[in-house]
Amino acid sequence: MGFNVIAFLYTLGCCLISIFIAGKSQTKDYQEWFDSLKHPDNALLSRIMRYLGVIVYLMFGFILYNVIVNNDIVSIVLTVVVILLLGLSPLLLQKTKNLKVFFYAMLIFPVILPVLAFFLLQTNLVFAILVTAYFLWILYEMSYFYRLMKLNK
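So that you can map any letter, position 2 of the sequence shown is 2 in full-length UniProt numbering, and since no number is skipped, the others follow by simple counting.
Shown next as structure tokens:
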């Protein structure tokens with residue numbers, strides 16, 4: 001099986017849309033607001049969040065390309081939803097500047113990621129493990145935002 005241009009273009013389009021949406025949230029005003037918050041001490045997240053985003057987009061882009069090639073419809077839909085949520089979640093925080101709303105909106109990730117991992121497990125163990133690892137990271141990220149929310153009532 002060779003390179004599938006159509007699958008690549010769909011994947012690229014989906015990722016670019018999500019990145020564009022996320023990019024709309026990166027304003028100077030938003031960054032100043034976020035930096036002005038009291039942050040939990042020794043928070044790993046605050047140091048690596050920006051760099052991890054690139055890795056996460058690459059990972060889900062690679063997964064999406066492969067599930068499109070394999071015509072795994074449920075995994076395609078779930079992966080597209082995750083990719084779009086990756087873009088929408090920072091925009092939600094930027095627009096609302098409400099940590100509580102953002103925290104509750106993030107609850108979709110611990111629901112959708114295990115379901116995606118389950119479906120990926122049927123066809124690709126490595127992808128299922130990667131999604132599970134990201135699920136664990138999301139749990140850490142949620143604990144960070146919970147502590148951030150408590151510090152900034």
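Glycine is no exception: its CB is placed at the ideal position from the N, C-alpha and C atoms.
In this text, all values refer to a predicted model and were calculated from it rather than measured experimentally.
Spanning the alpha carbons of residue 121 and residue 32 requires a straight line of approximately 42 Å. With contacts defined by Cβ atoms closer than 8 Å, residue 93 and residue 25 form a contacting pair. Under the three-state reduction of DSSP output, residue 35 falls in the helix class. When the beta-carbon positions are compared, residue 117 and residue 65 stay at least 8 Å from each other. Residue 75 and residue 135 do not touch by the CB rule: their CB atoms are close to 15 Å apart, not below 8 Å. Here DSSP, grouped into helix, strand and coil, assigns residue 94 to helix. Leaving aside the five residues that flank residue 114 on each side, the residues in its chain whose CB is nearer than 7 Å to its CB run, in chain order, 135.
Spanning the alpha carbons of residue 132 and residue 139 requires a straight line of approximately 11 Å. Going by DSSP, residue 110 is part of the alpha helix (DSSP H) stretching over 108 to 121.
Between residue 125 and residue 61, the alpha-carbon positions lie close to 17 Å from each other.
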